Every structure is written in structure tokens, then in C-alpha cells.
């Protein structure tokens, strides 16, 4: 059985207003943590950013650990929402997805890196439950990429021997490495190169197209 998200486990039924307040807290926490990191973000910081009282914050979250779990789910859901908007069932769609990823990285100067990747580096060794949620988020992400690649494979656009699920893991791993290099260099060239190479190989090419310098 997969790991349940914090949206589906042990949450009291919320009113519409309560759901909005909880979402505002999670949104604020996700933004601050992505900007500052987990250790540098306090519950008081989140309370102030979300414009809620301390009693409101603790009504929805018993402590920072529980809030972090909600942030992981929030970041995974946001990424998957963007991913599902891309049509990965065509080579053209892969190219459009590539452009979307690059444009998003450029818009922030690659600061913060991948939200899930960044959280993994901070939490995977210290918090087993957070690690399980992060792994589940990456699994969902890989499965979404795999859905598009299976469509390509069924249409004969990938080599017969290609396993779409294995290729999806390759795409995701390469994307994570590219985003990390973009973050530390404040430059998207490595990210562009790895995505272009994978798309070229997936479409039957042997090398990445030349990028303008």
C-alpha cells in the first residue's frame, strides 16, 4: 500500500473557511521553506506570513513536523498539476514540457532548486516519515511522466525495447540533476543540455541539438 498524503489521513472534516485557512498556512510555509530552508523557517514565521494566530496554526497542525508533511504534499501536488498540463504523449509535447521547465527555472534564476528535491536534501536523513512522503511524491511524478511515454511507445515513437517506466525514471533523475546544477550555477545550460539530450534520444536521435551560446 502506498503512503497516504496528509490530505487523506487523520484529518478532521473542515469547513470551507477552515480549509481556506489551512491552505493559506501551508502555502505560506511552502513559500518560506523554499526561500529560506526548513531550519531557518519557524512556526512563528509561518504564522505571521499566513496572517493567522498561534491558536489557529496549532488548530490545524500539532507542530512543525506535521506542517512539513503538509508542505511536502502541497509541493508534490503543485508539481503534478503543472506536469499534467503538459502533453508528454508526443515529441512536440515533450519539447513544450522542456520549455516550461526551463522557463520556470529562468524566472527564478533557479533559486531554491526543485521544491521536492530541496526538501529531500533537508529531510530525508532526519525524518523517516517525511522521507516516505517525498518518495511517494517522486513516485507519483515518475508515474505521470511514464503515462505520456507509454502513449509515445504505443504510437511507435519509441524503440520497441524501450521500457517507458524506466525511461520516466531516467527523465526524472536527469531533471533533478539538471535542476541542482542550475541552482548552484545560477544558469540553466546544464538543465537544457540534459533535457535536450534525453528528448533527442527518445525521439530516435543520437545527440542533443546544439544550443545557442
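In the UniProt record's numbering, the protein residues as written are 1 to 213.
Cβ coordinates follow ideal geometry from the N, Cα and C atoms, glycine included.
Here the structure is a predicted model, which is why all the values come from computation and not from measurement.
Own chain residues within Cβ distance below 8 Å of residue i, not counting five before or after
| i | result |
| --- | --- |
| residue 71 | 26, 29, 30, 33, 119 |
| residue 170 | 198 |
| residue 24 | 50, 51, 52 |
| residue 38 | 68, 119, 122, 123 |
| residue 180 | 113, 114, 117 |
Same chain, Cβ closer than 7 Å to residue i, five either side skipped, listed in chain order
| i | result |
| --- | --- |
| residue 56 | 21 |
| residue 86 | 93, 96, 97, 100 |
| residue 144 | 80, 83, 84 |
Of the listed residues the options, nearest to residue i (C-alpha basis)
| i | options | result |
| --- | --- | --- |
| residue 124 | 69, 175, 172, 98 | 69 |
| residue 62 | 43, 138, 180, 204 | 43 |
| residue 15 | 67, 60, 47, 45 | 60 |
| residue 110 | 38, 46, 192 | 192 |
| residue 196 | 80, 137, 178, 65 | 178 |
| residue 142 | 173, 133, 37 | 173 |
| residue 103 | 35, 46, 187 | 187 |
| residue 88 | 105, 180, 154, 58 | 154 |
Residue i, DSSP secondary structure in three states
| i | result |
| --- | --- |
| residue 151 | helix |
| residue 171 | helix |
| residue 46 | helix |
| residue 64 | helix |
| residue 26 | helix |
Cutoff 6 Å; reference residue i; Cβ partners in own chain excluding five residues on either side
| i | result |
| --- | --- |
| residue 183 | 110, 113 |
**Request:** Please determine if the segment 99-116 and the segment 72-79 are in contact, where contact requires at least 3 C-beta pairs separated by less than 8 Å.
**Result:** Below 8 Å, enough C-beta pairs join the segment 99-116 and the segment 72-79 to call them touching: three or more.
**Prompt:** Is the segment 143-150 touching the segment 158-165 in the sense that three or more CB pairs, one from each, lie closer than 8 Å?
**Reply:** As far as the Cβ criterion goes, the segment 158-165 touches the segment 143-150, which means the pair count is three or higher.
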